[in-house]
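The sequence shown finishes on residue 233 if you use numbering that gives the first Met the number 0, and the numbering steps up by one all the way, no holes.
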Amino acid sequence: MKQPKLLKQPKRLKQNRNHILHYSQEYSPKENVTLPVLTKDGPLITSYLDRAYKVFDNALHAHSKVLVVRFDLKVPAQVPLPQNAGGNGVIRLFLDSLEAKIKANLHRKRSPHKCPVRYIIAREIGDKNQGLHYHVMLLLNGHAFRHIGAMESEEDNPFWLIVGAWASALKTTDEEAVDGVQFGFNRKGVRQYYLEPSLDYHLLPDAFRRSSYLCKAHTKHFGERHHGLMTSQK
Numbered sequence: 000m001k002q003p004k005l006l007k008q009p010k011r012l013k014q015n016r017n018h019i020l021h022y023s024q025e026y027s028p029k030e031n032v033t034l035p036v037l038t039k040d041g042p043l044i045t046s047y048l049d050r051a052y053k054v055f056d057n058a059l060h061a062h063s064k065v066l067v068v069r070f071d072l073k074v075p076a077q078v079p080l081p082q083n084a085g086g087n088g089v090i091r092l093f094l095d096s097l098e099a100k101i102k103a104n105l106h107r108k109r110s111p112h113k114c115p116v117r118y119i120i121a122r123e124i125g126d127k128n129q130g131l132h133y134h135v136m137l138l139l140n141g142h143a144f145r146h147i148g149a150m151e152s153e154e155d156n157p158f159w160l161i162v163g164a165w166a167s168a169l170k171t172t173d174e175e176a177v178d179g180v181q182f183g184f185n186r187k188g189v190r191q192y193y194l195e196p197s198l199d200y201h202l203l204p205d206a207f208r209r210s211s212y213l214c215k216a217h218t219k220h221f222g223e224r225h226h227g228l229m230t231s232q233k
């Protein structure tokens, strides 16, 4: 009986031949390190995985405890699309505002800790509604913030700092911007990961697996005035 012909998996991305594709459900950034990744939506971009891992590595070298938070940023229906949405301008404004708000928050609390904003951000246009959105993963100093907080809380928690920063980027109010900040849940219902040495960083594989979704080739647009993936450098 004649065997069906196997489809050859392209090694490089058609839209940008500089990008090598990753098909395995495991990723090994260095010797003796293997982490799970998500490939159900198609192959990942290897250089994006490398950059995402570098953000985790930088965060864990800087802080013994790290809070990892995953959410999406969208432009609410009632808010006009910013003029700088065609490039990376709006997300840069978000990051600058968030950095300033976190710094002011810790100053008010007289916290001894600093909290640089480390991030992995994917800019995408969805297939269904063609809506512009950003997948965001933040890695914060776990000594400064242990929880993301709740929408119902009136505290100046990270949830409302994020909403306020998005409102600032969109030039609107927190009340309007909050609809555009959507915190995701994985299959276990978790929307944050607290990485700490006392638990041997046991949530790191799950957290990195979650970040790998941002590294998928599908829905990325190349050759335009923006980057498909943005990552912090320090």
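Positions of the beta carbon are idealized from the N, C-alpha and C atoms, including for glycine.
Segments of 4+ residues assigned as alpha helix (DSSP H) that fall wholly inside the segment 192 to 217: The segment 192 to 217 contains these whole alpha helix (DSSP H) runs: 203 to 211.
- Item | Straight-line Cα distance separating Asn140 from Gly88 | 25 Å
task: Tell me whether the beta-carbon of Arg190 lies closer than 8 Å to the beta-carbon of Ile147.
output: yes
Nearest candidate by alpha-carbon position, reference Phe70, set Val180, Pro196, Ser231, Thr218: Val180
* Asked: How many Å lie between Arg261 and Tyr52 at the Cα?
  -> Residue numbering for the chain in the displayed model covers 0 to 233; residue 261 lies beyond these limits and cannot be assessed.
Open item on the list: Taking only three categories from DSSP, how would you classify Lys29?
Closed with: strand
Original post:
How would you write the range of the beta strand (DSSP E) that Ala121 sits in, first residue to last?
Top reply: 117 to 124
query: Do you know offhand how far Val74's Cα is from Thr230's?
result: 21 Å
When the Cα of His132 is compared with those of Ser46, Phe55, Leu213, which residue comes out closest? Leu213
CB-CB under 8 Å to His226, same chain, minus the five flanking residues each way: which ones, in chain order? Asn87, Arg122
_Between the alpha carbons of Pro35 and Leu80, how many angstroms are there, rounded?_
36 Å
Taking just the CA atoms, how far does Cys114 sit from Ile101? 7 Å
Review point. How many angstroms separate the CA atom of Lys108 from the CA atom of Ser23?
Key: 45 Å
Which stretch, first to last residue, makes up the alpha helix (DSSP H) that contains Asp71? Per DSSP, Asp71 belongs to no alpha helix (DSSP H); it is in the beta strand (DSSP E), 65 to 73.
- Is it true that the CB of Tyr193 sits closer than 8 Å to the CB of Leu66? Against a cut-off of 8 Å, the Cβ pair of Tyr193 and Leu66 comes out as a contact.
Could you give the first and the last residue of the continuous alpha helix (DSSP H) run that contains His60? 45 to 61
According to DSSP, residues forming a beta bridge with Gln181: Asp71
Excluding the five sequence neighbours on either side, which residues of its own chain have a C-beta within less than 6 Å of the C-beta of Glu243, listed in chain order?
-> Summary: the structure shown does not reach residue 243, with the chain confined to residues 0 through 233, and so no result is reported for it.
| Leaving out five residues before and five after Pro28 in sequence, what residues of the same chain have Cβ atoms less than 6 Å from its Cβ? | Tyr52
(request) Report the residue from Glu154, Asn83, Asp155 whose alpha carbon sits nearest the alpha carbon of Leu169. (result) Asn83
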